[in-house]
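**Student:** With UniProt numbering as the guide, the letters of the sequence shown map in order to residues 1 to 108. The beta carbon of each residue, even a glycine, is placed where N, CA and C say it ideally should be.
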Amino acid sequence: MKTVKANSRDAAYNQTTFYEAWRLTIQRYGIYNPYTGRGAIKGLLPHGPHNVRDVLATHILKQTGSYEQASYAIQDTAEMVASHYGRFLPQDKAALAAKILNQVWEAA
1 MKTVKANSRD
11 AAYNQTTFYE
21 AWRLTIQRYG
31 IYNPYTGRGA
41 IKGLLPHGPH
51 NVRDVLATHI
61 LKQTGSYEQA
71 SYAIQDTAEM
81 VASHYGRFLP
91 QDKAALAAKI
101 LNQVWEAA
């Protein structure tokens, strides 16, 4: 839900209003404030919406091992995902293979 100024009747977002709404949402619901008791995640630092793109691409890459699926999620190319987020995959290849094999054995 968008929070706008009382004197604004325009519900459309532009770059500034989107960032303001994002910042307000993260401060209100994401970052834990010990004084107000609001927020969900202790230790979470303020971050912009672009960080969500990084988290999403990294998560999908770690779960599936697919540059293509991660690229679909962030609406970019598989080549860009491989070059920018590929460093997160090599150390997880063994864990990913073990997870897939465990799923196969459970289904059998």
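Label Val81 either buried or exposed according to how many other C-beta atoms from any shown protein chain fall within 10 Å of its C-beta, with 16 as the threshold for buried.
**Tutor:** Mapped onto the sequence shown, residue 81 falls at position 81. Burial call: buried.
**Student:** Could you work out which residue in Asn33, Ala73 and Lys62 is closest to residue 109 when comparing CA atoms only?
**Tutor:** Nothing about residue 109 can be read from this structure; the chain reaches only from 1 to 108.
**Student:** Going by DSSP, what residues sit across from Ile41 in a beta bridge?
**Tutor:** Along the sequence shown, read from residue 1 onward, the residue named residue 41 stands at position 41. In DSSP, Ile41 forms a bridge with Ile31.
**Student:** Looking at the structure shown, is Asn102 part of a helix, part of a strand, or coil, going by DSSP?
**Tutor:** Numbered from 1 along the sequence shown, position 102 holds the residue referred to as residue 102. Helix at Asn102.
**Student:** With distances taken between CB atoms, is the gap from Thr58 to Tyr85 smaller than 8 Å?
**Tutor:** On the sequence shown, residue 58 is found 58 positions in, with the first residue counted as 1. On the sequence shown, residue 85 is found 85 positions in, with the first residue counted as 1. The answer is yes: Cβ separation under 8 Å.
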